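*Asks:* Read the sequence shown against the numbering used here and you will find it ends at 136, with the numbers running on by one and no gaps.
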Amino acid sequence: MKSKFLFKIISVATFSVLLFGCSSDNEDNPEDTIEISRELLIGTWTRDDADIILEEDGTGESEVYDFESGNNDLQFRPLTWRFDSNILTINFSVTGTSIFQIIELDGSNMRLQDSNGVRRDYSRK
Numbered sequence: 012m013k014s015k016f017l018f019k020i021i022s023v024a025t026f027s028v029l030l031f032g033c034s035s036d037n038e039d040n041p042e043d044t045i046e047i048s049r050e051l052l053i054g055t056w057t058r059d060d061a062d063i064i065l066e067e068d069g070t071g072e073s074e075v076y077d078f079e080s081g082n083n084d085l086q087f088r089p090l091t092w093r094f095d096s097n098i099l100t101i102n103f104s105v106t107g108t109s110i111f112q113i114i115e116l117d118g119s120n121m122r123l124q125d126s127n128g129v130r131r132d133y134s135r136k
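1) Just the Cα atoms here: how many angstroms apart are Gly69 and Gly81?
2) For Glu50, name the three-state secondary structure that DSSP assigns.
3) My output table needs one value for Thr106: the three-state DSSP class, helix, strand or coil.
4) Residue range of the beta strand (DSSP E) that Phe78 falls in?
5) Buried or exposed for Ser126, going by 16 or more other Cβ atoms inside 10 Å?
6) Nearest-angstrom Cα distance between Phe78 and Asp84?
7) Short of 7 Å in beta carbon distance, which residues of its chain neighbour Thr91, apart from the five on each side in sequence? Order them along the chain.
8) When burial is assigned at 16 or more other CB atoms within 10 Å of the CB, is Ile113 buried or exposed?
9) Assign Ile63 to one of two classes, buried (16 or more other C-beta atoms within 10 Å of its C-beta) or exposed (fewer than that).
10) Could you check where the beta strand (DSSP E) with Asp59 kicks off and where it finishes?
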C-alpha cells in the first residue's frame with residue numbers, strides 16, 4: 012500500500028517537472044525589457060506610406076489622412092514624444108496619446124506594440 016502511494020507521488024512530481032521545467036528560454040516575450048538607445052528613435056520612420064518624424068527635442072510630425080477637408084490627402088500634423096526604458100509615448104495632435112512598447116529597434120527597423128497587443132512595423136526612411 013505504501014509503495015503504491017509513493018509511486019503516485021513520484022509520478023506526479025516527475026510529471027510536474029516535465030510539464031513546467033521544459034519551457035523555452037527564447038520565447039518571444041514582449042514583457043522583457045530590451046536595451047534601447049534614444050538616438051536610434053530619432054529620424055523619419057515610414058509605415059503604409061505614411062511617415063512619422065521624431066526630432067531630437069521631443070517634437071515631431073506624423074502624416075495622417077485629412078478627411079475633414081474632403082480631399083483625403085496625407086497631411087503632416089505635429090506631435091510630441093518621450094522615451095523611457097523601452098516605452099515610447101507619442102502625443103498625436105489629432106488622435107491623442109498612444110503608448111507603445113518597443114519590441115525591436117535597430118538602424119533600419121522599428122517594431123512597436125500598443126496596449127492592445129497590436130504590433131506595428133516601421134522602416135527608417
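Note that beta-carbon positions come from the ideal geometry of N, C-alpha and C, so glycine has one too.
Since we're looking at a predicted model, the values are computed, not measured.
*Replies:* The short version:
1) Rounded to whole angstroms, Gly69 to Gly81 spans 31 Å at the Cα level.
2) Looking at Glu50 - three-state DSSP - the assignment turns out to be helix.
3) In the three-state scheme derived from DSSP, where H, G and I count as helix and E and B as strand, Thr106 is classed as coil.
4) For Phe78, no beta strand (DSSP E) encloses it, and the DSSP letter there is neither H nor E.
5) Ser126 is exposed by the Cβ-count criterion.
6) Put simply, the backbone Cα of Phe78 is about 8 Å away from that of Asp84.
7) Cβ neighbours of Thr91 beyond the five flanking positions: Gly69, Thr70 and Asn102.
8) Answer is buried; the Cβ neighbour count reaches 16.
9) Classification for Ile63: buried.
10) Membership of Asp59 in any beta strand (DSSP E) is not indicated, and neither H nor E is assigned to it by DSSP.
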